[in-house]
Amino acid sequence: MKKILLFIILLTVQAHSQIMTPEKVVSMISNRFLTIKGFSANFVERNGEKVSSGNVITKNPNLFRLQYSSGGNGQSVYCNGETLWIIFPRNNVVAEQKLNYGDTGSIYTAEGIMRLTTKFNIDFYNERELLSVNSFNDSELGIAKYNSSYAANDTRKAYHMLLTSKQASVDRTGFTKIHLWVDDTGMIIRILGITTTNVPVEYLFTSIRYNPQYEENNKDFEPEIPEDMQVLKDGLVPTN
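One gets the working numbering by counting positions in the sequence shown from 1 and adding 33 to each.
So this is what it looks like as structure tokens:
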């Protein structure tokens with residue numbers, strides 16, 4: 034009888050250990066971003082009704098570069114952890130912004146992940162198991178004209194997590210809710226944030242490569258600004 038009871042207890046413990054929990058998913062995400070130097074990927078970006086695409090490269094803890102190939106008017110974004118640059122080549126303008134403490138961690142860098150896990154409550158959106166990325170029904174957001182047709186053929190499996198702010202007021206991320214799709218290695222492959230004005234901002238990452246080759250002295254994350262390009266600094270004040 035004791036052996037049978039012990040066997041039942043062991044089965045119960047084993048089954049419980051296999052149940053995925055929000056805490057396990059958070060741990061997977063944190064470990065993934067802490068054990069890589071960074072990643073590169075192709076992305077599709079949706080901001081409101083505008084859809085763009087390009088490639089991204091990141092380096093922990095908080096460096097990144099976005100270069101748009103379509104839908105972004107050729108613009109690019111650089112961040113070396115201290116300064117953010119947004120290049121508008123068609124306007125021959127670059128916006129330059131010094132970053133304050135707490136602003137430096139993009140959502141897909143190690144610092145950004147740490148901020149998410151401290152500022153937001155994290156739970157499963159619905160099911161606890163891995164689901165196809167494209168299984169999410171856009172209409173559930175309740176946002177007019179929203180659709181993510183570019184994810185329609187994405188059958189990669191991921192945990193669908195929902196993040197809600199722990200504070201009554203929205204923090205520096207500017208989002209009231211964030212949906213994350215996390216694969217079984219802890220990598221975030223899709224991000225969907227809802228702003229305070231109910232605008233969806235989304236990234237879908239594909240062709241992900243970890244620990245890419247970087248240029249020396251973080252040159253990947255600092256733009257070469259032509260002399261004839263107008264630089265607008267902190268508050269969009271033109272330089273002399």
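In this text, a Cβ means the ideal position worked out from N, Cα and C, and glycines have one as well.
The C-beta separation of Asn-95 from Glu-144 comes to about 4 Å, placing the pair in contact by the 8 Å criterion. The beta carbon of Val-127 sits closer than 6 Å to those of Trp-118, Ile-120, Ile-258, Met-262, Val-264, all from its chain and outside the five residues before and after it, given in chain order.
When only Cα atoms are considered, Tyr-111 and Arg-123 end up about 17 Å apart. According to the DSSP assignment, Met-194 belongs to the beta strand (DSSP E) that extends over 190-198. Annotated three-state conformation of Thr-228 is strand, per DSSP. Within its own chain, the residues whose Cβ lies closer than 7 Å to the Cβ of Leu-67, once the five positions on either side in sequence are excluded, are Ala-143, listed in chain order. Secondary structure note for Glu-144: its alpha helix (DSSP H) is the uninterrupted segment 143-152. Listed in chain order, the non-local C-beta contacts of Glu-235 below 6 Å within the same chain comprise Arg-79, Leu-225, local neighbours out to five positions each way being set aside. The alpha-carbon separation between Arg-161 and Glu-260 amounts to approximately 54 Å. Counting every other CB atom within 10 Å of its CB across the protein chains shown gives Ala-177 a total below 16, marking it as exposed.
No Cβ-Cβ contact shorter than 9 Å links Pro-245 with Leu-174. Spatial neighbours of Lys-70 in its own chain (CB-CB distance under 7 Å, excluding positions within 5 residues in sequence) are listed in chain order as Lys-92, Asn-93, Asn-244. In the three-state DSSP reduction, Pro-233 falls in the strand class (E or B).
From the listed residues Ala-185, Leu-164, Arg-148, the smallest Cα separation to Asp-171 is found for Ala-185.
Exposure of Gly-207 is indicated by the presence of fewer than 16 other C-beta atoms within 10 angstroms of its C-beta.
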